[in-house]
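Have a look at the structure below before the remarks.
Protein chains: 2
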Amino acid sequence: MIVSVIGLGLIGGSIALDLKQRGFASKIIGVDNNPMHAHQAKKLGLTDEIQDLKTAVESSHLVILAIPVNACIKAMPQIMDMVDQQIVTDLGSTKEQLIESIADHPKRKQYVPAHPMAGTEFSGPKAAHAGLFDGKCSIICNPEDSDKDAVNMITDMFHTLQMRCVYMDAEVHDRQAAYVSHLSHISAFALSITVLQKEKKDKHIFELASGGFDSTVRLAKSSAEMWTPIFNQNKKNLSKVLQKYIDTLQEFKDKIEADDLAGVDNLIHEANDISRVLDEKERNEAETIKKAKKKRRA
Amino acid sequence: MIVSVIGLGLIGGSIALDLKQRGFASKIIGVDNNPMHAHQAKKLGLTDEIQDLKTAVESSHLVILAIPVNACIKAMPQIMDMVDQQIVTDLGSTKEQLIESIADHPKRKQYVPAHPMAGTEFSGPKAAHAGLFDGKCSIICNPEDSDKDAVNMITDMFHTLQMRCVYMDAEVHDRQAAYVSHLSHISAFALSITVLQKEKKDKHIFELASGGFDSTVRLAKSSAEMWTPIFNQNKKNLSKVLQKYIDTLQEFKDKIEADDLAGVDNLIHEANDISRVLDEKERNEAETIKKAKKKRRA
């Protein structure tokens, strides 16, 4: 099948690579507003050709939007207007507002809202790489509002990417994403700013930084172009989640200041339970890749 | 030389391995209050023998303390009382209180306070591994208060571990460590708690967690036994640092709630400057390993 990918950055470029290499797409048509990105993507072999949006949509069976969520909300109605039989999906990190924005579109059932839970702190076509999605989970939202065939096609697509699919309500998705994805980014951005501000006075402060710091702050490299619109669209949930995070930090601060060692111990023991979650995640990812490989061989 | 390592966990076990393998120590004597840990360490080949504290100190040229900072502050005066010509060092994450606690000891000059900036979220002898310190930075505090020969020996030891040495005042160390090490741990603990509390109502919330979450929360596996005493000893600095971190998070929250997109953009751009720091760190680590290898060959 012919697949158009709108937006040839980390996510769009990586999905293009795997869909072509793994035989899901016979041809990838790339679209990007940024001519340099389009040129790079073609040169890097992420796409077979570059087209304008209209030609791309008209020439393909599947249209994948992989652009920042504010750009997506603008482009989506236009694209749905161009569509004949094509299936459309997007890979954005927020879902409620986008779905709401085309709720009444006559072609709504040809659209499948999705969010593959994979990424890195880098962006642009050069950050794209094969295998980015392997073993991870992809969310498909409100499947009851899309044609069954369309949902099946997108599910197949994610299975080709060696992902597990989880189906959920867009509202639940946005709330949960605020906790396990958006909050991580803000905690890293804020950590980075806190230490960089100190660096202005203590020039050698980063001498002491080790692997733990790197790991915790890694996401602070992420781009404003992508993340500001996500935070904006998910503000209702993020506001609550940030308050809870701040309250927990305040609890640490209060107990540390009060020499409440047993209290700090209890908080750390509570936090340690994350081992259970991360271990289970690792097992799930290994299992997902195993299943996907078995299915592809069959 | 014969080296005693007091505390055979991640740090003590790893340093024992590399000092023996790289020829700095002819024999490693291990000491651990926990008989199971002592047994494991011997079985894993981290130490040549296990002794009680007094025998170990008396039989060695160098004594390395690798126990939690609260245990260290208790053991240090005892150990200094046992010392004849031996050099003593510790590897703890806080330095001011420990140094203060033996400031007037007649053998003070034989003690070199140190802090190798390396570790993982795991603990115990089984977490120990060769190469843990390679390329990282080690802090030596207040070198003017130790014998020159002692400082040289500890510097050589860290060079054997393929580390860079940075010399600084204990007060500066503790302040900087609060920013680049202790804060990272609290931010991860608090992130873990925030999401785990949500899991009680939203059972499948971790379905959405991807590599970014794992990275940011990784340190939340770290042990209370090690970290509660660090937070307690460094409470003066941590209190200020946590307030700054909370203020920065609050700034994000306020700007997001106010739809101040330019303001959020600015914060993210400010945070992005961490790329410069992390890239420089990576170059430094590679350079340190290269230099250390060259020196060992010479």
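Residue numbers (our numbering), protein chains in the order written: chain Z, 1 to 298; chain H, 1001 to 1298. Where is the CB? At the ideal position from N, CA and C, for every residue including glycine. Just so you know, these numbers come straight off a predicted model, no measurement behind them.
Contacting residues, own chain, Cβ-Cβ under 8 Å from Z:Ile-256 (five flanking each side not counted) | Val-264
Whose Cβ in chain Z lies nearer than 9 Å to the Cβ of H:Asp-1169?
-> Per Cβ cutoff of 9 Å: no residues; H:Asp-1169 is ~12 Å from chain Z at best.
Which runs of the alpha helix (DSSP H) fall wholly inside the region 1-31 of chain Z and span at least 4 residues, in chain order?
-> 10-21
Coarse secondary structure for H:Leu-1261, derived from DSSP in three states = helix
How would you write the range of the beta strand (DSSP E) that Z:Leu-65 sits in, first residue to last?
-> 62-65
First and last residue of the beta strand (DSSP E) that includes H:His-1115?
-> 1111-1116
With respect to the beta strand (DSSP E) encompassing Z:Ile-87, which residues constitute its N-terminal and C-terminal limits?
-> 87-90
Among H:Val-1063, H:Glu-1058 and H:Leu-1091, nearest to H:Ile-1139 - alpha-carbon criterion | H:Leu-1091
Is the beta carbon of H:Ala-1220 less than 7 Å from the beta carbon of Z:His-269?
-> no
Taking C-beta pairs closer than 7 Å, name the residues in chain H that Z:Glu-257 reaches, listed in chain order.
-> Lys-1235 and Ser-1239
Identify every run of the beta strand (DSSP E) within the region 1143-1199 of chain H, keeping only runs that are complete inside it and at least 3 residues long; order them along the chain.
-> 1164-1168
Taking only beta-carbon atoms, is Z:Gly-212 less than 7 Å away from chain H?
-> yes
Enclosing beta strand (DSSP E) for Z:Ile-205 [first to last residue] = Counting along the chain, Z:Ile-205 falls outside any beta strand (DSSP E), and DSSP gives it neither H nor E.
Report buried or exposed for H:Pro-1106, applying the criterion of at least 16 other Cβ atoms within 10 angstroms of its Cβ.
-> exposed
7 Å Cβ cutoff, H:Tyr-1111 in contact with chain Z = no
For Z:Ile-300, I'd like the list of residues in its chain whose CB is within less than 6 Å of its CB, leaving aside the five on either flank, ordered along the chain.
-> This structure leaves residue 300 of chain Z out entirely; chain Z is present only between 1 and 298.
For H:Leu-1219, decide whether its Cβ has a neighbour in chain Z, counting only Cβ atoms nearer than 7 Å.
-> yes
Give the DSSP-derived three-state secondary structure of Z:Ile-102 in the structure shown.
-> coil
Residue from Z:Pro-229, Z:Pro-77 and Z:Ser-192 with nearest C-alpha to H:Ile-1274 | Z:Ser-192
For the region 128-155 of chain Z, which residues have a beta carbon sitting closer than 9 Å to at least one beta carbon of chain H?
-> Lys-136, Cys-137 and Ile-139
On the DSSP bridge assignment, give the partners of H:Glu-1270 in chain order.
-> None; H:Glu-1270 has no bridge partner.
Give me the Cα-Cα distance between H:His-1159 and Z:Ile-2, rounded to the nearest whole angstrom.
-> 58 Å
Using a Cβ-Cβ distance under 7 Å, would Z:Ile-2 count as near chain H?
-> no
What does H:His-1269 reach in chain Z if we use C-beta pairs closer than 7 Å?
-> Ala-224
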